[in-house]
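Going line by line, the protein sequences match chains A and B. When we follow my numbering, the leftmost residue of the first sequence carries the number 447, and every step to the right adds one. When we follow my numbering, the leftmost residue of the second sequence carries the number 3, and every step to the right adds one. Take a look at the structure below.
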Amino acid sequence: MSDGGNPFGYEFMNFQRLLDIPMDISPYNYAATGTGLAIALSVVGAAWGIFITGASLLGGAVKEPRIRTKNLISVIFCEAVAIYGIILSIIFSGKLNIVAGNAFTNADWYSGFAIFNGGLTVGGCNLVCGICVGIVGAACALADAQKPELFVKILVVEIFGSALGLFGVIIGIVMTTQAKFG
Amino acid sequence: MATIHPKAGTGDICSFNIQHGFAEALIRGMRSSFLVDPDYHHLTQCETLDDVRLNLTETDYSEALEDYNSLTPNTLQKAAVEKLVTEFQYLRTQTVEPLSTFLDFITYEYMIENVMLLLKGALSGRDINELLEQCHPLGMFKESTMRSIPTFDNTSKGYSDLYQTVLVDTPVGPYFAQFLKESAAHRGSDSRNVLEEVEIEIIKSSLIKFWIEDFYNFAMSLGGDTAAIMGEILRVRADTNAINITLNSFGTPLNEPAMRISDRKRLYPAVGHLYPAGTTMLADVSDEEELGRVLELFPQYSAIWSIHSSGNGEKSIDDAFYERDVQMLELAFESQFHFAVFYAYVKLKEQEIRNLVWITECILQQQKDEIGKFVQVFSQHTPWRESKRR
């Protein structure tokens, strides 16, 4: 019976072993989770943005039908966010191969971590980008219904918002250029 | 208190549109149906009511006026109110909780007005059908309920029966119950003898007071932008009521020292900038001078009061209140994802209907110099908008 030198008189939990956990998870798992996060969070962001802007677009079009076609651009910007997610997750899943032999090399561990965090980056950026474009798109539709000349001005704000998703894509690609299994 | 608690919050900018996005976008689309500066300009230039009708057919009112052959101030008001009611009911069917409760709160005010109209009409013995014609459409109960209201006697037992059989099921029932309870407690007798001595106006002021407090508590429990904007609007409304009650009580029995604390003070709503310190002071006021001195202490109202006290009939205090209200309600449209736009729309449409009736009355009575004395809604030339631009 080991006594950790603590007042309980028994070993409650070996906290040192917590530090071993990250390396106990296989790099395959990290890479696959990263791929999943890239697409999942991107789609959440895109869907969130589309329902925010879509509800306002529908309501505004009741009294002012001319805004319907022009303001679909906001929906397209939100959709673009989901497309970024698809592209990145296809790239990541292309890097995920079965490793020969029975041990992971350093390169494999590097790839696992890089793809996980790259996927998190891409997914997180696209999530907030989608919400941002959605809210601005809702305001754009309502403003356009009142005064047509406001549409282009608010669209500029939306374009800046959708650049955020692009940043995530760029960083995701940069992080994972050297990642390769096997 | 009869406060209904919301079953869900309004949601902030990220989640408001899930439940209420469509309804909010509808009301913002309806904002474009207000008459604009050129429309008002054309209307004030009209010589006859037919010219007015011609000009109105180019605005959003064209469909509303189709059913009416001749245009008089009364028919114009009726058509415009019907249009507002149709839009409101369409909106109401598109909403879910808690927005639907919010819209219902807006209608309770008209229900109180209708009930009071029917009671007053019954007192003077007017025909029930005529009274029903005059009721505001937004505040209608079931036909049978409305017909039964004037049938009750004008005695205390009659009112108590009225409450227990008819009003208790309506949304204004809780306000009536509170009124009966407070009056009974105040007079130390049971509720049956209460209403003999109380006039209809005091009943109405009390009911409106309870409604404002209830609405205020509901809006504040919604939180977020709705609580901030709607809370401010209702606070200002409560203060307007308090000041008007005080002003109108001069020269009536309500102004006697004995009655002031006991009765008049009870009519002041328990919300607002003037509550509690201001209303305590207002309860002691006996004439306009003292009222002015009390209002000097509150910067928002000293400006309005100075218009009334220094004004030589150019502008009445009601006009000053209307201007201030219209400014606040227009500002409610400036932010998105909150409920106050719905209340603002109804009130601003009401103001526009008042304006149209004023213009047509002036044209009918050939009083062209009075015709400019209305408060325009969403005008680009109001003083506060022009000063911002400079």
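For each residue, glycine too, the CB sits at the ideal point set by N, CA and C.
Report the three-state DSSP secondary structure of residue i (helix, strand or coil).
{"i": "A:GLY460", "result": "One detail in the question is off: residue 460 of chain A reads as Asn in this sequence, not Gly. Three-state DSSP puts A:ASN460 in coil, outside helix and strand."}
{"i": "B:SER381", "result": "coil"}
{"i": "B:TYR70", "result": "coil"}
{"i": "B:GLY225", "result": "coil"}
{"i": "B:GLU354", "result": "helix"}
{"i": "B:GLN166", "result": "helix"}
{"i": "B:LEU37", "result": "coil"}
{"i": "B:ALA260", "result": "helix"}
{"i": "A:LEU542", "result": "coil"}
{"i": "B:GLN338", "result": "coil"}
{"i": "B:TRP386", "result": "helix"}
{"i": "A:ALA584", "result": "helix"}
{"i": "A:TYR556", "result": "helix"}
{"i": "B:THR46", "result": "helix"}
{"i": "B:THR12", "result": "coil"}
{"i": "B:GLU198", "result": "Bear in mind that the predicted position of B:GLU198 carries a pLDDT of just 44, short of 50, making it unreliable; the figure below should be weighed with that in mind. In this structure, B:GLU198 counts as helix in the three-state DSSP scheme."}
{"i": "B:LEU276", "result": "coil"}
{"i": "B:GLN367", "result": "coil"}
{"i": "A:ILE548", "result": "According to the sequence displayed, residue 548 of chain A carries Asn and not Ile. Three-state DSSP puts A:ASN548 in coil, outside helix and strand."}
{"i": "B:GLY1", "result": "There is no way to answer for residue 1 of chain B, as the model of chain B reaches only from 3 to 392."}
How would you label residue i, buried or exposed, when you count the other beta carbons within 10 angstroms and need 16 or more for buried?
{"i": "B:THR295", "result": "Strictly speaking, residue 295 of chain B in this sequence is Arg, with Thr absent from that position. Looking at its Cβ environment, which holds fewer than 16 other Cβ atoms inside 10 Å, B:ARG295 is exposed."}
{"i": "B:ILE214", "result": "buried"}
{"i": "B:ALA82", "result": "buried"}
{"i": "A:MET459", "result": "exposed"}
{"i": "B:TYR92", "result": "exposed"}
{"i": "A:VAL582", "result": "buried"}
{"i": "A:THR567", "result": "buried"}
{"i": "B:ILE20", "result": "exposed"}
{"i": "A:MET469", "result": "exposed"}
{"i": "B:PHE24", "result": "buried"}
{"i": "B:LEU269", "result": "buried"}
{"i": "A:ILE536", "result": "exposed"}
{"i": "B:ARG387", "result": "exposed"}
{"i": "B:ASP227", "result": "buried"}
{"i": "A:ILE532", "result": "exposed"}
{"i": "A:GLY540", "result": "exposed"}
{"i": "B:GLU89", "result": "buried"}
{"i": "A:ILE513", "result": "buried"}
{"i": "B:ASP320", "result": "exposed"}
Under 7 Å Cβ-Cβ, which residues of chain A neighbour residue i?
{"i": "B:MET32", "result": "LYS509"}
The alpha helix (DSSP H) spanning residue i covers which residue range?
{"i": "B:GLU84", "result": "75-95"}
{"i": "A:THR622", "result": "Run containing A:THR622: none; DSSP gives neither H nor E here."}
{"i": "B:MET32", "result": "18-32"}
{"i": "B:SER150", "result": "145-150"}
{"i": "A:ILE471", "result": "That residue, A:ILE471, is in no alpha helix (DSSP H); it is neither H nor E in DSSP."}
{"i": "B:GLY280", "result": "279-285"}
{"i": "B:GLY294", "result": "290-298"}
{"i": "B:GLU115", "result": "101-125"}
{"i": "B:GLN302", "result": "301-312"}
{"i": "B:ASP398", "result": "Because residue 398 of chain B is not part of the residues shown, which for chain B are 3 to 392, the question remains open."}
{"i": "A:LYS516", "result": "513-516"}
{"i": "B:ILE130", "result": "130-136"}
List the residues of chain A whose Cβ lies closer than 9 Å to the Cβ of residue i, in chain order.
{"i": "B:GLN338", "result": "SER502, ILE581, ALA584, ALA585 and LEU588"}
{"i": "B:PHE344", "result": "None at all; the shortest Cβ gap to chain A is about 13 Å."}
How would you list, in chain order, the residues of chain B whose beta-carbon sits under 9 Å from the beta-carbon of residue i?
{"i": "A:ILE498", "result": "ILE15, CYS16, SER17, PHE18, ASN19, ILE20 and GLY23"}
{"i": "A:GLY505", "result": "GLY23, PHE24, ALA25, GLU26, ALA27, LEU28, ILE29, ARG30, GLY31 and GLN96"}
{"i": "A:ALA591", "result": "ALA27, ARG30, GLY31, ARG33 and SER34"}
For a contact defined as C-beta to C-beta under 8 Å, what are the partners of residue i on chain B?
{"i": "A:ILE577", "result": "CYS16"}
Worksheet item: Should the segment 163-177 of chain B be regarded as contacting the segment 101-120 of chain B, the criterion being three or more beta carbon pairs within less than 8 Å?
Response: yes
Worksheet item: Does the segment 37-46 of chain B come within contact of the segment 358-378 of chain B, defined as at least 3 CB pairs closer than 8 Å?
Response: yes
Worksheet entry | Cβ contact check for the segment 508-516 of chain A and the segment 583-603 of chain A: 3 or more pairs under 8 Å | yes
Item to complete: For the segment 557-565 of chain A and the segment 469-476 of chain A, state whether three or more C-beta atom pairs, one from each stretch, are separated by less than 8 Å.
Response: yes
Worksheet entry | Cβ contact (3+ pairs, closer than 8 Å) linking the segment 358-370 of chain B and the segment 72-80 of chain B | yes
Worksheet item: Does the segment 8-27 of chain B come close enough to the segment 348-358 of chain B to have 3 or more Cβ pairs within less than 8 Å?
Response: no
Fill in: Any 3 or more C-beta pairs closer than 8 Å across the segment 338-345 of chain B and the segment 273-287 of chain B
no
Worksheet entry | At least three beta-carbon pairs within less than 8 Å, the segment 567-576 of chain A to the segment 492-499 of chain A | yes
Practice prompt. Check whether the segment 203-222 of chain B touches the segment 615-622 of chain A, counting contact only when three or more Cβ pairs, one atom from each stretch, lie closer than 8 Å.
Written response: no
Fill in: Validate contact between the segment 146-153 of chain B and the segment 220-234 of chain B using beta carbons, cut 8 Å, 3 pairs
no
Discussion item. Could you check whether the segment 119-129 of chain B touches the segment 33-40 of chain B, counting it as contact only if at least three pairs of C-beta atoms, one from each stretch, sit closer than 8 Å?
Written reply: no
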